[in-house]
Amino acid sequence: AVHDKGGPLDNCWGFLDGTARPIYRPSKDQRQYFSGHKRLHVLKYQALMCANGMICQLDGPFEGNRHDAGMLHISGLYQKMEALCQDHSYIIYGDPAYPLRRHLLKPSGGATLQQQQVDFNKAMSSVRQAVEWGFGKVLTELAFVDLKKKNQKLLLQRVPHMYEVATLLANCPTCLYGSQVTSYFLVDPPSLEEYLQPRGRI
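Last residue of the sequence shown? That's 202 in the UniProt record's numbering, and every number before it is there in order.
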């Protein structure tokens, strides 16, 4: 599906990215949750978006100053992927902040890129936007997790659980009606019954 939309990889099935969700400035440990990049106090999460429109894995929360590579290491996601893929060559695609691994690719970097590398980066950037659509869908479907001054007070509310539940619930309409991602890649999501069937996380 990714290859059919112009992605140069024919074995890519998902996209990995982190998101920073603003929270109300905590009364304690403010530095731990402060993101210098965002200039906000945040909790970070790591999501794996599949071509069928589902956020199939959400890890976190992580401190606001945590780097994407650090989130990947702590989550253990890559080790789980290795165990599942074994001899298969399936890969996921992440942004430049992630390490390059057998089952995890990222844009070609460096000061001077060959034209082939430039073309690769551009094509994969186009299909990788699917993970951003997924993050946006969570906020559209469950807007209460985007109101930092009222609903995101870390020491007074279960803020991490709110975003986890919001992500789970945002997947449900995708099962029933599809989404921007399913329309883009033309891949059917699981049925709602299949999605809600209890099972272990990957």
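Backbone N, C-alpha and C define an ideal beta-carbon position, used for all residues, glycine too. Quick caveat: nothing in here was measured; it's all calculated off a predicted structure.
Within 8 Å, strictly: CB atoms of F185 and A47: no
Three or more C-beta pairs below 8 Å linking the stretch 125-141 and the stretch 173-188: yes
Straight-line gap, residue 211 to L58 (C-alpha atoms, nearest Å): Absent from the model: residue 211. The displayed extent of the chain is 1 to 202, so no value can be given.
Own chain residues within Cβ distance below 6 Å of F15, not counting five before or after: M49, Y93, R128, A130, V131
Buried versus exposed, by CB contacts within 10 Å (16 or more), K106: buried
For V118 and P26, the rounded distance between their alpha carbons: 42 Å
Through-space distance from G18 to I74, alpha-carbon basis: 13 Å
Rounded straight-line distance, which links the Cα of G6 to that of P120: Per the sequence presented here, residue 120 reads as Phe, with Pro not at that position. One C-alpha to the other measures close to 10 Å.
CA-to-CA distance, E141 to D10, given in whole angstroms: 31 Å
V131 in three-state terms, based on DSSP: helix
Beta-carbon contacts of A170 that lie in its chain and below 7 Å, excluding the five residues immediately before and after: K137, V138, E141, L142
Three-state class that DSSP yields for R21 in the structure shown: strand
Whole-Å CB distance - H41 paired with P22, under 8 Å assumed: 7 Å
Cβ shell of S35 (< 6 Å), same chain only, five flanking positions each side left out: A20, V42, G64
Nearest-angstrom Cβ-Cβ length linking G109 and P96, presumed shorter than 8 Å: 6 Å
DSSP state of P173 mapped onto helix, strand, coil: helix
Backbone secondary structure at residue 233 - three-state DSSP: In the structure as shown, the chain begins at 1 and stops at 202. Residue 233 is therefore absent and cannot be evaluated.
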